[in-house]
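S.K.: In my numbering, the protein residues as written are 18 to 77. No residue lacks a Cβ here, since even glycine has one placed at the ideal position from N, Cα and C. Structure in structure tokens, see below.
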């Protein structure tokens, strides 16, 4: 799980696999497995990258 999250960089877009209603989120930071994402419908969320594999979005 952490290998895919390791490629996430600020500015990239992602979706949360468990909460699709949050919409597309933009990665704010990825430090030590803690990924901060600003989602359209949920706001800023800090995600433990060791537990959740975010899905990259290449065409938001």
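#1: Short of 7 Å in beta carbon distance, which residues of its chain neighbour residue 31, apart from the five on each side in sequence? Order them along the chain.
#2: Can you name, in chain order, every residue of its own chain whose Cβ lies under 7 Å from the Cβ of residue 38, other than the five neighbours on each side?
#3: For residue 52, count neighbouring C-beta atoms within 10 Å of its own C-beta (all shown protein chains included) and say buried if the count is 16 or more, exposed if not.
#4: For residue 65, I'd like the list of residues in its chain whose CB is within less than 7 Å of its CB, leaving aside the five on either flank, ordered along the chain.
#5: Return the chain-ordered list of same chain residues with a C-beta closer than 7 Å to the C-beta of residue 62, the five sequence neighbours on each side being excluded.
M.R.: On the basis of the data shown:
#1: For the purposes of this step, residue 31 is taken as residue 14 along the chain shown, with counting starting at 1. Closer than 7 Å at the Cβ level, and outside the excluded window around residue 31, lie 25, 42, 44, 54, 71, 72, 73, 74.
#2: For the purposes of this step, residue 38 is taken as residue 21 along the chain shown, with counting starting at 1. Only residues of its own chain outside the window of five on either side were considered, and among them 58 have a CB closer than 7 Å to the CB of residue 38, listed in chain order.
#3: The residue labelled residue 52 in the question sits at position 35 within the chain shown. Here residue 52 is buried, its C-beta having at least 16 other C-beta atoms within 10 Å.
#4: Residue mapping note: residue 65 aligns to position 48 of the chain shown, counting from 1. Counting only Cβ-Cβ distances below 7 Å, and skipping sequence neighbours, we find 50, 51.
#5: For the purposes of this step, residue 62 is taken as residue 45 along the chain shown, with counting starting at 1. Result list for residue 62: 54, 56, in chain order.
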